[in-house]
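**Student:**
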Amino acid sequence: MSKTAGFEEHRLENGLRVVIEPMPHVRSASAGFLVKTGARDETPALAGISHFLEHMCFKGTQKRDWRQITIDFDNLGSTYNAYTSKERTFYFGWVRTEDLEKQVELLADMMRSSIPADEFDTEKKVILEEIAGSNDQLDRTVYDFIHEKVYSGHALAWPVLGTQESVGALKQEQMRGYFDERYHAGNMILIIAGAVDPADAVAIAERICGSWKGGRPRPDRIAPPKLPEGAALRQTDRFQQQVLAYLHPSSSGKDPDREDANVMASILGGHNSRFFWNIVQKGVAPYVWSGRLDYCDQGMMLLGGFCEPEKLESLQEAILREVGKVSESGVTDEEVSRVKNRVRTALATEAESPYHRLMQMVQDVDVLGRPRSVSERIAAIDAVTPSSIQAHLERWPVGGKGYLASVGPREWPEL
Numbered sequence: 167m168s169k170t171a172g173f174e175e176h177r178l179e180n181g182l183r184v185v186i187e188p189m190p191h192v193r194s195a196s197a198g199f200l201v202k203t204g205a206r207d208e209t210p211a212l213a214g215i216s217h218f219l220e221h222m223c224f225k226g227t228q229k230r231d232w233r234q235i236t237i238d239f240d241n242l243g244s245t246y247n248a249y250t251s252k253e254r255t256f257y258f259g260w261v262r263t264e265d266l267e268k269q270v271e272l273l274a275d276m277m278r279s280s281i282p283a284d285e286f287d288t289e290k291k292v293i294l295e296e297i298a299g300s301n302d303q304l305d306r307t308v309y310d311f312i313h314e315k316v317y318s319g320h321a322l323a324w325p326v327l328g329t330q331e332s333v334g335a336l337k338q339e340q341m342r343g344y345f346d347e348r349y350h351a352g353n354m355i356l357i358i359a360g361a362v363d364p365a366d367a368v369a370i371a372e373r374i375c376g377s378w379k380g381g382r383p384r385p386d387r388i389a390p391p392k393l394p395e396g397a398a399l400r401q402t403d404r405f406q407q408q409v410l411a412y413l414h415p416s417s418s419g420k421d422p423d424r425e426d427a428n429v430m431a432s433i434l435g436g437h438n439s440r441f442f443w444n445i446v447q448k449g450v451a452p453y454v455w456s457g458r459l460d461y462c463d464q465g466m467m468l469l470g471g472f473c474e475p476e477k478l479e480s481l482q483e484a485i486l487r488e489v490g491k492v493s494e495s496g497v498t499d500e501e502v503s504r505v506k507n508r509v510r511t512a513l514a515t516e517a518e519s520p521y522h523r524l525m526q527m528v529q530d531v532d533v534l535g536r537p538r539s540v541s542e543r544i545a546a547i548d549a550v551t552p553s554s555i556q557a558h559l560e561r562w563p564v565g566g567k568g569y570l571a572s573v574g575p576r577e578w579p580e581l
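Going by this note's numbering, the sequence shown opens with residue 167, and the numbers climb by one from there.
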């Protein structure tokens, strides 16, 4: 077992990596299995299979049917769930320390899903309804449209949920093949945070997961294309509001200046931001944002908002005006300090919860390859200054053309 900055790690003989953060001051523990596969690791014909498989892991194993899985979570009093993203799938639960082994056993059993045939078609209908429902959500439609356009031809282009066509055509045997290829010890990480002795945690992992088959990690990912310049429109009468979004290249999840990007985005379009005071409070649009989407090898900055279709020109002008001010004059010490204090407080309070620490750790372990302590996270925020943000803007400018995406009932912009 190796020790690094408050964490302990161990790798089982079958390749399963175990990452542990002891938190002796609490009385609970959280655990989760990170499967290193997501939507960008799928082929076009299998688009949506990672998310579909996440659902099926709750539907039955050789030991439990779906009812018993749900009952066993409830018997533990567990706070549990799972999610699938572009780059990972994660299953987790948070319980009293004395129930940690039972929680790991239940999650581990789910990682050996039987993908029951009698549940496959039923759950497919659930997924298809979820896809249909997402098409009724303006924010989800914009998110998927942006990826479809800027990552055209790349795996990041298709939705995490997949499409009606790709999910509708999926067969149980295809899912079984994908499951066997990705859900093995060599492509998974068990992460634990809470009041647990690391030696006990490793012993639990050995007892429960030591007999799993090993295997090779998922295939290397293909790097996405550079973000293009231009514009794209999806005209639809499904919504009454219109969205416009400017996209610019930004730092990835691995870049050292990612915190500069996050702080700058918060100053521009987060809580109590320039967008809020100079656009929302002046009645131009009800919701305007600035934020960063990051992946392991690329990122993008999104600047945009929702408004009535006839106010698009006013919203565009207002966004570009605020972006121009930041690009030309930078940000102030007071703005940086306010955002940093907000982040510090969040990190400090989340550090008291094994659940929140687990969520922080999975992001770091997957993207950076290692966990970061709360102190290291706070130090990264402390290092942000107006000067470092200015340097970030010189590397990743948010002025200029970028890429403009619009979704809504109005045919705007003219292409």
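Where is the CB? At the ideal position from N, CA and C, for every residue including glycine.
1) Where does the unbroken beta strand (DSSP E) through Cys473 begin, and where does it stop?
2) Does the contact criterion of 3 or more C-beta pairs under 8 angstroms hold for the region 410-421 versus the region 469-479?
3) Since I believe Val184 is in contact with His191 (beta carbons under 8 angstroms), could you give me their beta-carbon distance rounded to a whole number of angstroms?
4) Three-state secondary structure (DSSP) at Glu175?
5) Residues in the same chain with beta-carbon distance under 6 angstroms from Ala484, minus the five sequence neighbours each way, listed in chain order, please.
6) Let's test the definition: count the other Cβ atoms within 10 Å of the Cβ of Arg523 and tell me whether it reaches 16, buried, or not, exposed.
7) Between the beta-carbon of Gln556 and the beta-carbon of Gly496, is there less than 7 angstroms?
8) So, is Trp443 buried or exposed, given that buried needs 16 or more other C-beta atoms within 10 angstroms?
9) Compare the beta carbon distance of Ile297 and Phe218 with 7 angstroms and say whether it is the shorter of the two.
10) Quick one, are the C-beta atoms of Pro390 and His313 less than 7 angstroms apart?
11) Which of the three DSSP states is assigned to Pro575 in this structure?
12) Taking 7 angstroms as the cut-off, decide whether the C-beta atoms of Ser572 and Leu399 are in contact.
13) Decide yes or no for the touch test of the region 378-396 against the region 343-358: beta carbon pairs closer than 8 angstroms, at least 3 of them.
14) Start and end of the alpha helix (DSSP H) containing Gly435?
15) Can you grab the Cα-Cα spacing for the pair Ala248 / Asn241, in whole Å?
16) By a C-beta neighbour count over all protein chains shown, 10 Å radius and 16 as the cutoff for buried, is Gln269 buried or exposed?
17) From the DSSP output, in three-state form, read off Ile281 for me.
18) Can you pull the DSSP bridge partners for Val454?
19) Along the chain, where does the alpha helix (DSSP H) containing Thr515 start, and where does it finish?
20) Work out the CA separation of Gln526 and Gly259 for me, nearest whole Å.
21) According to DSSP, simplified to helix, strand and coil, what is Ile157?
22) Taking C-beta to C-beta, are Ala213 and Trp324 nearer than 7 angstroms?
23) Ends of the alpha helix (DSSP H) at Arg543?
24) Could you name the residues of the same chain whose beta carbon sits closer than 7 angstroms to that of Val261, not counting the 5 residues immediately before and after it, in chain order?
25) Between the region 272-288 and the region 558-576, do at least 3 Cβ pairs fall closer than 8 angstroms?
26) Three-state secondary structure (DSSP) at Asn444?
**Tutor:** From the atom records:
1) 465-473 is the span of the beta strand (DSSP E), which, as asked, contains Cys473.
2) Yes, the region 410-421 touches the region 469-479.
3) Contact check for His191 and Val184: beta-carbon distance about 22 angstroms, past the 8 angstroms limit, so the pair fails to qualify.
4) Note: Glu175 maps to strand in three-state DSSP.
5) Cβ within range, chain order: Ile445, Val450.
6) Burial check for Arg523: the Cβ neighbour count within 10 Å reaches 16 or more, so the residue is buried.
7) Less than 7 angstroms separates the beta-carbon of Gln556 from that of Gly496.
8) Counting Cβ neighbours within 10 Å, Trp443 comes out exposed, since fewer than 16 surround it.
9) The answer is no: Cβ separation not under 7 angstroms.
10) It is not a contact, given that the beta carbons lie outside the stated cut-off.
11) Correct three-state label for Pro575: coil.
12) In this structure, the beta-carbon distance from Ser572 to Leu399 falls below 7 angstroms.
13) The region 378-396 vs the region 343-358: in contact.
14) That run of the alpha helix (DSSP H) goes 424-435.
15) Annotation: Ala248 to Asn241 spans about 18 angstroms, alpha carbon to alpha carbon.
16) It is buried - the Cβ of Gln269 has at least 16 other Cβ atoms within 10 Å.
17) Three-state result, Ile281: coil.
18) According to DSSP, Val454 bridges with Gly471.
19) Residues 499-516.
20) Rounded to whole angstroms, Gly259 to Gln526 spans 14 angstroms at the Cα level.
21) Outside the shown range of the chain, which is 167 to 581, sits residue 157, and nothing can be said about it.
22) Taking C-beta atoms as the reference points, Ala213 and Trp324 count as a pair closer than 7 angstroms.
23) Looking at the DSSP string, the run of the alpha helix (DSSP H) that includes Arg543 is 540-548.
24) Listed in chain order, the non-local C-beta contacts of Val261 below 7 angstroms within the same chain comprise Ser194, Ala195, Leu242, Gly243, Ser244, Gln269, local neighbours out to five positions each way being set aside.
25) Contact between the region 272-288 and the region 558-576 is absent, because fewer than three Cβ pairs lie under 8 angstroms.
26) DSSP places Asn444 in helix when its eight states are reduced to three.
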